[in-house]
Amino acid sequence: MTARRLLPLAALFALLAGCGGSEVVRPTPPASSAPVTSSRPVAPVRIGVALGGGAAKGFAHIGVIKMLEANGFEPVVVSGTSAGSVVGALYASGMDAFQMQEKAVALDQTSIRDVRLFSGGLVQGQKLQDYVNQQLDNKSIERLKKPFAAVATRLEDGERTVFVRGNAGQAVRASSSIPGVFEPVAIGQYHYVDGGVVSPVPVDAARQLGAEFVIAVDISSKASGKNPGDLLGTVNQSISIMGQRLGEAELKRADIVIRPKVNDIGAADFNQRNAAILEGERAAMAVMPQIRSKLAQLRQQRTDAADAAVREAQQAAEKSRAACLEKRSRWDKMRGNEEACAAPLK
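In terms of mature numbering (1 follows the signal peptide of the UniProt record, and there is no 0), the sequence shown is residues -24 to -1, 1 to 322.
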């Protein structure tokens, strides 16, 4: 075959080769069917307890906390009113429920009551303040291991006051100063009395401290058609009646409400402390399935939200990469030069 006849064939082969090699076609990878999961662990839910007032009925709070801990639910935020502020301060200091129960069993009423006649109340309250500070090693509220708030009522104008710093014993004393029984507590230019007048169960205070899931414990006296029989019981029930509507509205803002059956325990009946603790345990166990269910729902909502955020970020990255690749020249595509376009998120 002469060179003149071979020349057209060579040209034909070159043309075919040029047509076949003008662009490198890469198969599009199939869309992943695997579920998208968050690359970061979801933060745990911040559980708070709001412990209500009720004098000697307040020992029930210990039983509630004991059952929460036993079932793996440890509150990280604590708020308390009146008797609830006493238990709340001890718990916020780092004591567990068993340690608090030991303190409760060993408690001598005379160590927290200092009767003084011809004053603004029958009880001064200094002994209660000293007792709390002694148990806390004289730590201020802001130095406690858990965020803590004690709620009191400002006597001059009836405003709710939430103590979140300063003298812990003094804050508890103010929160527990039942009008007519305890002297009002002077702090700065104001005087304070029992927080049960304005916030019987301090749900809102727990929220203010950052609680995302609030377990409220209501031990307030309910009108039972019976005369309480003693001064403390009468005053305590009167305060409960006055704050009932406010308390009901605030309780609706809790995620869980626990109501120990302590209505038959007198406000001054410290001899029933073990019975009150037991009632707290029973009431907490009764709502444990509800606590688990609601917390599981909240955690799932958080997980779904985190996954949705990751999915949205992936889609945005893929769109950005596709737009980048579209702008690349044909020659770069032929060479597989795609390094300048960010890889999609994984």
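Just so you know, even glycine gets a beta-carbon here, dropped at the ideal spot from N, CA and C.
A quick note: this is a predicted structure, and the numbers were derived from the prediction, not measured.
- Task: My understanding is that residue 226 touches residue 180, with C-beta atoms under 8 Å, so please give their C-beta distance in whole angstroms.
- Result: 6 Å
- Message: Less than 8 Å between C-beta atoms, sequence neighbours within five positions excluded: which residues of the same chain meet that for residue 89?
- Response: 99, 103 and 104
- When the Cα atoms are used, what is the spatial distance from residue 270 to residue 302? 48 Å
- Query: By Cβ distance, which residues of its chain are closer than 7 Å to residue 186, with the 5 residues on each side in sequence left out?
  - Reply: 22, 53 and 123
- Item | Of the residues 169, 159, 149 and 111, the one placed nearest residue 132, counting alpha carbons only | 169
- Task: Give a yes or no on contact between the region 71 to 79 and the region 139 to 148, applying the rule of three or more CB pairs nearer than 8 Å.
- Result: no
- Item | Beta-carbon proximity list for residue 274, same chain, < 6 Å, skipping 5 on both sides | 21
- Message: If I measure Cβ to Cβ from residue 266 and keep anything under 7 Å in the same chain, skipping five residues before and after, which residues do I get?
- Response: 232
- Task: Please say whether residue 263 and residue 241 have beta carbons closer to each other than 8 Å?
- Result: no
- Can the beta-carbon of residue 325 be found closer than 8 Å to that of residue 38? Outside the displayed range of the chain (-24 to 322) lies residue 325, so it cannot be described from this structure.
- Task: Go to residue 124, then tell me how far its beta strand (DSSP E) extends in each direction, as first and last residue.
- Result: 124 to 130
- Span separating the alpha-carbon of residue 253 from that of residue 35: 5 Å
- Message: Does residue 158 come out as helix, strand or coil in the three-state DSSP assignment?
- Response: strand
- Sub-8 Å separation of residue 176 and residue 223 beta-carbons: yes
- Task: Check whether the Cβ atoms of residue 194 and residue 64 lie closer than 8 Å to each other.
- Result: no
- Query: Less than 8 Å separating the beta-carbons of residue 55 and residue 127?
  - Reply: yes
- What first and last residue would you give for the alpha helix (DSSP H) that runs through residue 262? 249 to 262
- Query: So residue 183 is in the beta strand (DSSP E); what residue range does that whole segment cover?
  - Reply: Careful: residue 183 lies outside any beta strand (DSSP E), inside the alpha helix (DSSP H) at 179 to 184.
- Please classify residue -12: is it buried, with 16 or more other beta-carbons within 10 angstroms of its beta-carbon, or exposed? A caution first: residue -12 carries a pLDDT of 45, below 50, which makes its placement in the model unreliable, though a value can still be read off. Exposed is the call here.
- Exposed or buried, residue 249, counting other C-beta atoms within 10 Å across all chains shown (16 or more means buried)? buried
- Message: As a quick exercise: from 106, 146, 129 and 245, pick the residue whose alpha carbon is nearest that of residue 117.
- Response: 146
- Message: I need the DSSP call for residue 302, collapsed to helix, strand or coil.
- Response: helix
- Pull up the distance between the alpha-carbon of residue 26 and that of residue 66, whole angstroms please. 14 Å
- Query: For residue 106, does the three-state DSSP call read helix, strand or coil?
  - Reply: helix
- With a 10 Å radius around its C-beta and 16 neighbouring C-beta atoms as the bar for buried, classify residue 296 as buried or exposed. exposed
- Message: Once the 5 residues before and after residue 230 are set aside, which same chain residues still bring their CB inside 8 Å of it?
- Response: 26, 177, 179, 190, 191 and 192
- Message: I need the DSSP call for residue 27, collapsed to helix, strand or coil.
- Response: strand
- Secondary structure at residue 41, three-state DSSP: helix, strand or coil? helix
- Task: Out of 276, 259 and 293, point me to the one whose CA is closest to residue 40's CA.
- Result: 259
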